[in-house]
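Accompanying notes for the structure given below.
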Amino acid sequence: MCQLFINADSNLWASHTKSLRIDGVVSSIRLENFFWQILEEISFRDDMTCNQLITKLYLESLDAEHDMGNFTSFLRVCCSRYLSMIADGDIPRDTTTLQDVRVSHH
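Heads up, the sequence shown is in full-length UniProt numbering, so the first residue is 1 and it goes up one at a time.
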């Protein structure tokens, strides 16, 4: 079982920082590439940019009175929950043209 994880592409856990504007404030978010890919997939499904998705998640979290002291952890959990919902069959995974989106963003 561990070989499934050990043999993964090491680029997946390499991280990079993206700068974006959330509610008019410039912010930087540092995440592993794996999580950026999942956020791209979610935003693609919801027909928005990754920045729009992150802003929406942030504002909705504030509205729900969540403590946003560690927003990057929140984003990782969102990605994990999304994948868990797919694995459980709660939502379908439709990435028919996602590869085109990823290529155009890099």
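A virtual CB, placed ideally from N, CA and C, is assigned to each residue, including glycine.
Within-8 Å CB hit, residue i to chain B
i	result
Thr55	Judged by its chain identifiers, the structure shown contains no chain B, having just a single protein chain.
Other residues of its chain near residue i: CB distance less than 7 Å, five sequence neighbours each side excluded
i	result
Asn7	none
Thr49	Ser43
Same chain only: Cβ atoms within 6 Å of residue i, ignoring 5 sequence neighbours per side
i	result
Ser28	Thr17, Ser19
Pick from the options that is closest to residue i, judged by C-alpha positions
i	options	result
Asn33	Phe5, Ser15, Phe44	Ser15
Val26	Asp47, Cys2, Asn51, Asn70	Asn51
Ser73	Ser10, Phe35, Glu65, Cys2	Phe35
Asp23	Cys78, Ile54, Thr49	Ile54
residue 179	Asn11, Asp63, Ser43	Coverage of the chain is limited to positions 1 through 106, which leaves residue 179 absent and any answer about it impossible.
Alpha-carbon to alpha-carbon, residue j and residue i
i	j	result
Ile91	Leu83	9 Å
Ala87	Leu75	18 Å
Asp56	Arg21	Correcting the residue identity first, residue 56 is Lys in this sequence and not Asp. Roughly 12 Å between the two C-alpha positions.
Asp94	Arg45	7 Å
Gln3	Leu59	39 Å
His66	Glu40	23 Å
DSSP bridge partner residues for residue i (one or two, in chain order)
i	result
Arg30	Thr17
Val25	Ile22
Any non-hydrogen atom of the ligand NAD closer than 7 Å to residue i Cβ
i	result
Ala8	With respect to the ligand NAD, the structure shown offers nothing to examine, as it has no ligands at all.
Coarse secondary structure for residue i, derived from DSSP in three states
i	result
Ile91	coil
Thr49	coil
Glu60	helix
Glu40	helix
Asn70	coil
Asn7	coil
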